[in-house]
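This report refers to the structure that appears directly beneath it.
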Amino acid sequence: MIIINDLNESRFTLNGVQYFKNYFTRVAGNSLSIYNAYNTCDVLVPFSPHERFQVNGSLFEAVEELQAALVGICYTRNTLNEGSPADQNNIGRVISFGELLPQNGLYITREEASAKINSLAEPITISAKDSPVNFTFTREGKMYGFEFLGGKGIWGSTSGSEVFPHQFLLKTLYDITPEDITGETSGATIISLGEVPDGNFLAAANSSQRDFSDSGIADEDGTIKSYYFTYTNDSVLNFVQFVGEAGVYNGNITTDDLVSSTNSKASPIIDYEGVLQYGKVAVSPARHQDRLTGMITEFNGSGFKSIKNEAAQTFKIAEPTGNHEVVFPPANQNDSIVYASQLQNEVNNYLPLTGTADGNPITGNIEVEESTSIFHDNGFYTSGIIVEDGGVNLYGYDTTGISCYLRFNQGGTGISFSSNSSTSRGIRGQQDFTHNITALDYTQKKYVDELVGTTIPLTGTATGNPITGDIVIDATNTIGLKASVAGEITFDNTQGIAISSDEGIRIDSGAGGLTISGTFTTIENSPLGYAEDLSSNYNERSLVDKAYVDNIATNITFQEVLEAGSEAVLISSPVTIQTDNGINAKGSIGLNNSGVSIGGQSGGVSISGGNDGLVLNQLNSISAGNTADIIITAANGGIKYSNNPIEGYTDRSLVDKEYVDNLVTSGTGFGFWNNTEISWLEGTSEEILFADGTFADIGEKVRSQQIGEDTGTDTNITTTTSLQSAVWSLQAQLNTANSYTEELETKTTQILLNKAYSNIVLTGNTSETILTSVLINAGTLQEGVLQIAALFEKTGIAGNIYHRIYVNTIDSLTGAVRIASLNSTSNARPFTAFCRDFLLRNNTIYGFPELTSSFDGVTDTVGTPLNATLNISQNFYIIIAGVLQSADDTLYQKSLKITFEKFTA
């Protein structure tokens, strides 16, 4: 890009480099070159297309327009480029920028004004005749007029010169009037909303589509375009400015996009007296500057501040606590206010409440009267020092009356401590001084306890204060328990007494007896035994030893047991027969009054009949356990009945070979004919036997059937046609019909659903709701193109509508996959068409981006295409859903059409 800007009367710039205006321009076709007027070999710009030039921020559609703009910029004489003739006539210029955001309750500063100009999309061109130049801004109903001191040039944006705060001078500040908005220099477009009785101008503004695409853009005169709504309420004409982003709005203007500017009752305030009459209270501080010194004094509600360069000094006025009058006395001579810091340095013999400064201690004594206290009172605990003739007291007491005193007594009587608290512990240490104690030091309780140890009183330990540690006695010593009458060792322990010794425990008693009382006695690790044979002294309650038991129970036989008693009555458990080594056999034999039962364990029950076999003569039964089988092994002939029990068979009886042979007829097969059961095909006679006992010739049955061929006519099978040939012919024709069906499905569109609705209505809520759902059975679709089209009607204009299409394996939105979405762009649109094409391949559904603003999705070029899993080999649902943005609106689904086209080979 070739960028040329007019700099001043004698110079211009080319791509930022300055040149004198000594250059001519030449046109050739659609191109233009620039060369030195005094040296044609000095070509500044070779022939270049006109669209590559930008002059003073402008582009040109024709080379003629470019030539006209450059003539006066590249070369100048007194008669060219409107130099500076004596009769030059400057014309003032006002450029309005409208509302300057944000609305923060603060005044617009020069920094904010310059930042606005530098952020413009296009620069502002100011000529030499534009003088003075004023920029106007509005904020919260006030008009700010800044005089621009930068002079001619191209200013602002990224392509113009940067403007700075010092180039702005605030000249006027007053309330906006309707004339300020409707004036010729405002650049405002007025949109009348008429009478708005309830004052809801937002709803009125959203009643129609509004095109604000050029809001904030400079027009051909350099004026910034702005838009205002006007409405009348209580005979007052109100102005509301649009301050949102540029664009087209379809009922979606928000409160943040509009700012109330002024009304027909407003009048400008132009002087300080008028300001005070209009309102005597201002939130923003008032600032006054001395033009000679630059000192600024700022007044605000809590005081005033003096400012000079980077330094500032603030004077605060304390909040009043009542109605008082403060009088500043007149000075008899030039005087100054005395600060606390200055007073402290100049006034002698006083001690500051904050204490003395570091390095400036008190050098003399502080003498006080008798019984004078130095104390601290924090509201709960008071402590201090009392100085009196009797000595010095350190004391402390709380609000409950508890007190303590430490007194240094006069006359060498020592130090005393006293307290009226019954729980006082006297003088105590805050840490352990045990390791520092010497002979003349006062000791702590811990030191005494560790030195003396814990003692057991001669009178015994107190109740509830037992010995908690071990008592260790040397093995060579004996503990003697002596008393004049009786002696006892008692243990109050619910967990028992444990007495242990590596060499055993011996308890001697002169009376010859040992009594152990309690619920039970446990002997651990080794058995309890007698030192000698005491069996001659045993009674019924004696504990006997092993030798006594062995002597009594030796050589008792089963015969002796039976002789002692051959019957056992009411024995619930069976008799168990054991092997010689004491291991249970794999089974049991139960003997009771019900008979004999044989039960097997994991190996089952095995009964061997020997050479003569096993004979069951009674009505006995053989049964297996829950998981075991009964296996009967027989030789050669298997299991046989001894006679013919056919008359006694039931449905659960095991039958023999003879019974089966008598019932089953020999033949070559069985089947069905025309839903009639065929029992058997008798040998090779080509006859079939039906369940009712009748026979029929196979050929006759076949000849009675009609088989359709692809000629469109029915042909009878001749009498010579065999059954096998007939079946083959039928199969061939079926294959041909299937191929026709597949070709038909490939070359035509299958209409899965095409239905109109009159009763599907959504209203009264803003939740996503299923309108219709269609079940697609497994295998209905193959790889191809699925098309879904729906038509909706909407009443009400309170909000927009969201239309959605899902697929799911169940008839629910839970877990559903959204494959299409259409958000209505206008809340006033009565009818909405919604259609999508989807590609089905490899159990995946493809399509346009799921969320797009067009009804068919075709115009979306930036969204992510749909790519989701859809298994067409199983049942699934196509679900149509809707979402109201306002519960006051109503949505009707009018129709739904679903079609499918299979891919061709």
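Using the numbering used here, the letters of the sequence shown map in sequence onto residues 198 to 1102. Beta carbons are placed, not taken as given, at the ideal position from N, Cα and C, and that holds for glycine. On a predicted model such as this, the values are computed, not experimentally measured, just so you know.
Check: Is the distance from the Cβ of ILE200 to the Cβ of GLN251 below 8 Å?
Finding: yes
Note to self: Tell me which residue opens and which closes the beta strand (DSSP E) that TYR235 is part of.
What the structure shows: Where TYR235 is concerned, there is no enclosing beta strand (DSSP E), given that its DSSP letter is neither H nor E.
Check: Taking C-alpha atoms, which residue in ILE1016, GLU337, SER389 lies nearest to THR374?
Finding: GLU337
Item checked: Collapsed DSSP secondary structure at PHE398 in the structure displayed -> helix
Margin query: If I follow the unbroken alpha helix (DSSP H) through ASP377, where does it start and stop?
Written below: 375 to 379
Notebook entry, point to check: Looking at C-alpha atoms only, which residue of PHE989, GLY289, SER616, GLY1012 is the closest neighbour of THR1087?
Noted result: PHE989
Next item on the list: Since I believe LEU949 is in contact with PHE1097 (beta carbons under 8 Å), could you give me their beta-carbon distance rounded to a whole number of angstroms?
Entry: 6 Å
Check: Mind checking GLN438: buried by the 16 CB within 10 Å criterion, or exposed?
Finding: buried
Notebook entry, point to check: Are the Cβ atoms of THR369 and SER458 separated by less than 8 Å?
Noted result: no
Item checked: Unbroken beta strand (DSSP E) run spanning TYR428, endpoints -> 423 to 430
Next item on the list: Kindly indicate the opening and closing residues of the beta strand (DSSP E) around LEU211.
Entry: 208 to 211
Check: Are any of the Cβ atoms in chain E nearer than 8 Å to that of SER733?
Finding: Any reference to chain E falls outside this structure, which holds one protein chain only.
Notebook entry, point to check: How should TYR186 be labelled, buried or exposed, when 16 other C-beta atoms within 10 angstroms of its C-beta is the threshold for buried?
Noted result: The structure shown does not extend to residue 186, since the chain is modelled only from 198 through 1102, so no value can be given for it.
Next item on the list: Work out the CA separation of GLU308 and GLU507 for me, nearest whole Å.
Entry: 18 Å
Check: Just to confirm, are ILE583 and SER568 a CB contact at a threshold of 8 Å?
Finding: yes
Note to self: Can you tell me whether PRO362 is helix, strand or coil according to DSSP?
What the structure shows: helix
Note to self: Just to confirm before moving on: does the CB-CB distance between THR386 and LYS339 stay below 8 Å?
What the structure shows: no
Next item on the list: Can you tell me which of the three DSSP states GLY269 falls into?
Entry: helix
Note to self: Within the continuous alpha helix (DSSP H) that includes ALA986, where are the two ends?
What the structure shows: No alpha helix (DSSP H) contains ALA986, which is instead part of the beta strand (DSSP E) from 981 to 992.
Item checked: Alpha-carbon to alpha-carbon, ARG625 and PHE614 -> 11 Å
Check: So what does DSSP say about LEU648, is it helix, strand or coil?
Finding: helix
Next item on the list: Note down, one range per segment and in chain order, each beta strand (DSSP E) of at least 3 residues found wholly within the stretch 1029 to 1089.
Entry: 1041 to 1044, 1063 to 1066, 1073 to 1081
Note to self: Quick test of your reading: ASP595 and PHE577, contact by CB under 8 Å. State the CB separation rounded to the nearest angstrom.
What the structure shows: 6 Å
Check: Whose C-alpha, out of ILE534, ASN520, GLY519, is nearest the C-alpha of PRO526?
Finding: ILE534
Notebook entry, point to check: Ordered along the chain, which non-local residues of its own chain (more than five positions away) have a Cβ less than 8 Å from that of ILE1007?
Noted result: TYR1074
Check: Taking C-alpha atoms, which residue in PHE512, MET492, ARG249, GLN215 lies nearest to PHE501?
Finding: PHE512
Checklist line | Chain-order list of residues whose beta-carbon lies under 6 Å from that of TYR999 (same chain, five-residue window excluded) | finding: ASN1020, VAL1080
Next item on the list: Would you kindly report the start and end of the unbroken alpha helix (DSSP H) that includes GLU309?
Entry: 307 to 315
Note to self: The beta strand (DSSP E) that contains TYR602, what's its start and end?
What the structure shows: 600 to 606
Next item on the list: For GLY213, collect the residues of the same chain with a Cβ closer than 8 Å to its Cβ; drop the 5 residues on either side in sequence, then sort them by chain order.
Entry: ILE200
Next item on the list: Could you tell me which of LEU931, LEU968, LEU959, ASN1068 sits nearest to THR977, measuring between CA atoms?
Entry: ASN1068
Next item on the list: Kindly list the residues whose CB is nearer than 8 Å to the CB of THR379, restricted to its own chain and excluding five residues on each side of it in sequence; keep chain order.
Entry: ALA385, ILE387
Next item on the list: Give the DSSP bridge partners of SER570, in chain order.
Entry: ILE583
Notebook entry, point to check: Leaving out the 5 sequence neighbours to the left and right, which residues in its chain are closer than 7 Å to GLU359 when beta-carbon positions are compared?
Noted result: ASN315
Item checked: Distance between GLN264 and CYS238 (C-alpha atoms, nearest Å) -> 20 Å
Check: How long is the line joining the alpha carbons of LEU740 and GLY666, rounded to whole angstroms?
Finding: 36 Å
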